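Chains as they are written, first to last, in my numbering: chain A, 12 to 304; chain B, 111 to 441.
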């Protein structure tokens with residue numbers, strides 16, 4: 012017999028699953044369906060997968076969208092994965108020392124520094140990206156300073172290229188790397204660091220052989236939180252990028268809104284989900300590898 | 111020459127003086143215990159020796175070499191942590207190998223040492239286990255093996271038995287003494303448990319508020335405490351302040367261990383106090399008799415339970431002691 016507590020527990024566990032099923036799996040299934048359809052001049056702008064005809068029920072499902080994607084969109088996927096991978100590495104290289112310093116700071120400072128990490132979220136993401144345009148454009152802040160100090164003779168092309176996109180990605184996603192790293196590092200038992208030193212390990216070896224492996228779950232979590240959204244990022248490449256930096260998110264937007272080709276956009280989205288599943292599964296192993304001490 | 115010399119070491123944390131001008135020598139092969147209540151500075155002193163903290167003044171000399179300015183990874187000292195501090199990402203063999211790897215020991219010798227160390231702590235066959243698969247007692251053994259693997263000149267043990275349950279604690283205490291005799295390494299153990307210190311150590315330093323209160327063998331510390339603090343902290347004691355007992359000057363006190371107090375129904379010859387039995391606390395082999403004198407002073411006497419049976423609660427008795435068993439304390 013299941014008591015009220017049992018039903019409550021089932022409900023609490025079931026609720027997120029129901030949520031996922033309703034707002035993720037169902038829409039995903041619809042998108043997968045559309046990706047096999049053909050574009051059409053109708054509302055909605057695609058053909059039905061199944062249609063009644065004199066010969067009975069017949070299907071219009073086609074792999075055409077995927078074939079076109081394989082021919083024309085691989086570069087955008089390459090760009091997305093490349094930009095996102097580099098952004099993940101850069102965020103890790105910048106974020107790890109920052110998180111390490113915060114986790115070792117005295118109590119009051121730790122709260123303040125964490126507050127600074129979160130501070131950018133108080134301003135709209137869009138405004139912060141626009142601010143980078145003001146900084147990076149030929150007559151922008153950075154170029155004016157460099158010109159005034161005589162470091163350069165002519166304005167540097169800082170905007171509408173890969174550099175600007177990468178900068179935007181690293182800037183925007185850095186907090187998502189720092190916070191899980193901080194979580195991992197602050198839970199690290201200081202005795203373990205001392206034990207390693209006591210056993211003869213130099214500071215660098217303590218870091219490589221003890222601190223780094225023990226914070227791997229934090230690294231994996233941070234890398235996921237940066238990599239996954241960065242691959243699908245639309246706003247940053249759209250505002251800061253140029254013709255050479257088309258990413259999947261931008262392509263998806265173009266197919267959906269500019270070309271009104273829903274099936275092509277759906278195919279792009281489905282492949283994106285598949286591409287992201289692999290690193291997700293890999294990182295999941297590290298996160299689950301975390302053991303209580 | 112002593113193996114370890116602490117010379118006038120002082121360590122302050124803000125306004126608190128954790129270690130207050132302590133000088134201490136530990137001889138080669140000793141099993142030395144730093145004993146004191148929590149907050150007395152014994153762990154800080156241990157950390158000064160390991161090199162995790164630097165003394166504000168004073169020097170630490172190990173085997174003739176001044177190590178005060180030398181970082182922990184270059185000191186000929188290893189430590190067993192109270193929390194054991196085992197690396198959860200390495201298995202048992204990996205934990206023991208960690209220190210050996212740092213000194214670049216080649217693989218075959220390393221494996222031989224791991225086998226030898228695991229045999230020493232009776233953990234052979236556990237090489238591939240992860241720390242989270244071990245019980246508390248097993249973790250303790252691995253931590254000991256890891257700290258001994260580098261064959262340090264001095265092994266520091268921070269409350270080595272505190273995390274074990276009572277029965278295991280006694281077994282492990284005996285084992286620890288056995289291991290120390292076998293390997294011959296100098297052990298310096300920090301503990302707040304006086305029974306532990308008395309049972310294991312060849313010499314004990316009692317600490318109080320950052321200072322050394324007394325250094326001596328367990329029997330010296332127990333039989334001849336030099337202060338009210340030591341007499342009271344190490345074992346139970348009956349203290350008679352100067353004014354209340356004839357023959358004592360003001361400011362001094364007489365200390366008598368509960369097992370030295372004799373009880374009799376008839377008044378014995380010599381010095382004796384009249385008292386009433388408040389309660390008899392049976393502990394198996396022995397019993398503790400709680401007494402109250404006519405002046406309202408509380409006393410305790412430990413008797414073999416067979417002898418305690420001849421007394422009853424509320425009975426008027428005489429408590430006496432041999433003058434040799436009483437210690438006069440001036441501090």
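Even glycine gets a Cβ: it sits at the ideal position worked out from N, Cα and C.
Just so you know, these numbers come straight off a predicted model, no measurement behind them.
- Of the other Cβ atoms in all chains shown, 16 or more fall within 10 Å of the Cβ of residue 273 of chain A; this residue is therefore buried.
- At a cut-off of 9 Å between C-beta atoms, residue 221 of chain A counts as an interface residue with respect to chain B.
- Residue pairing of residue 348 of chain B in beta bridges, as defined by DSSP: B/366.
- 200, 202, 203, 205, 206, 207 and 208: these are the residues of the region 181-208 of chain A whose beta carbon lies less than 8 Å from some beta carbon of chain B, given in chain order.
- For residue 143 of chain A, the closest Cβ of chain B is not nearer than 9 Å.
- Listed in chain order, the non-local C-beta contacts of residue 149 of chain A below 6 Å within the same chain comprise 166, local neighbours out to five positions each way being set aside.
- Boundaries of the beta strand (DSSP E) around residue 412 of chain B: 408-414.
- Contact between residue 239 of chain A and residue 84 of chain A is absent: CB atoms are separated by about 19 Å, not below the 8 Å threshold.
- Around residue 181 of chain A, the same chain offers 98, 101, 102 and 105 as residues with beta carbons nearer than 8 Å, after the five sequence neighbours per side are excluded.
- Sequence-distant partners of residue 297 of chain B (beyond 5 residues in either direction) whose C-beta falls short of 6 Å from its own C-beta, in its chain, are 141, 265 and 290.
- Unbroken alpha helix (DSSP H) stretches of 4 residues or longer found wholly inside the region 258-324 of chain B: 276-293 and 304-310, given in chain order.
- Scanning its chain for C-beta atoms nearer than 7 Å, with the 5 sequence neighbours on each side dropped, one finds around residue 129 of chain A the residues 186, in chain order.
- Residue 171 of chain A carries a coil assignment under DSSP once its states are collapsed to helix, strand and coil.
- Near chain A, meaning a CB-to-CB distance below 9 Å, the residues of the region 170-187 of chain B are 181, 182, 183, 184, 185 and 187.
- Closest by C-alpha distance to residue 255 of chain A, out of A/170, A/161, A/80 and A/164, is A/170.
- Distance between residue 303 of chain B and residue 16 of chain A, taken at the CA atoms: about 46 Å.
- Between residue 168 of chain B and residue 118 of chain B, the alpha-carbon positions lie close to 5 Å from each other.
- Take the alpha-carbon of residue 293 of chain B and the one of residue 300 of chain B: they are about 19 Å apart.
- By the rule that beta-carbons nearer than 9 Å mark a contact, residue 216 of chain A touches chain B.
- 9 Å or more divides the Cβ of residue 176 of chain A from the Cβ of residue 131 of chain A.
- One finds 200 and 202 in chain A with Cβ atoms closer than 8 Å to the Cβ of residue 193 of chain B, taken in chain order.
- For a cut-off of 8 Å, the C-beta gap from residue 377 of chain B to residue 431 of chain B is around 14 Å, too long to register as a contact.
- The region 195-206 of chain B makes contact with the region 218-225 of chain A, as at least three CB pairs between them are under 8 Å.
- In this structure, residue 439 of chain B keeps its C-beta atom at 9 Å or more from the C-beta atom of residue 313 of chain B.
- The continuous beta strand (DSSP E) containing residue 401 of chain B extends over residues 396-403.
- Interface residue (Cβ-Cβ distance to chain A less than 9 Å): residue 213 of chain B is classified as such.
- 224, 225 and 227: these are the residues of the region 224-241 of chain A whose beta carbon lies less than 9 Å from some beta carbon of chain B, given in chain order.
- From the listed residues B/307, B/320, B/342 and B/319, the smallest Cα separation to residue 326 of chain B is found for B/307.
- Within chain B, the C-beta atoms nearer than 7 Å to that of residue 213 of chain A come from 183, in chain order.
- Distance from residue 436 of chain B to residue 365 of chain B at the Cβ level is roughly 7 Å; contact confirmed, criterion being Cβ atoms closer than 8 Å.
- If you compare the alpha carbons of B/383, B/335 and B/159 with that of residue 408 of chain B, the shortest gap goes to B/383.
- For residue 260 of chain B, the residues of chain A that pass the 9 Å Cβ criterion are 210 and 211, in the order they occur in the chain.
- At a beta-carbon threshold of 7 Å, the residues of chain A lying near residue 199 of chain B are 224 and 225, ordered along the chain.
- If the five residues before and after residue 267 of chain B are omitted, its C-beta is found closer than 6 Å to the C-beta atoms of 190 and 299, all from its own chain and listed in chain order.
- With a threshold of 16 other beta carbon atoms within 10 Å, residue 261 of chain A meets it and is buried.
- Looking at the DSSP output, residue 373 of chain B shares a beta bridge with B/429.
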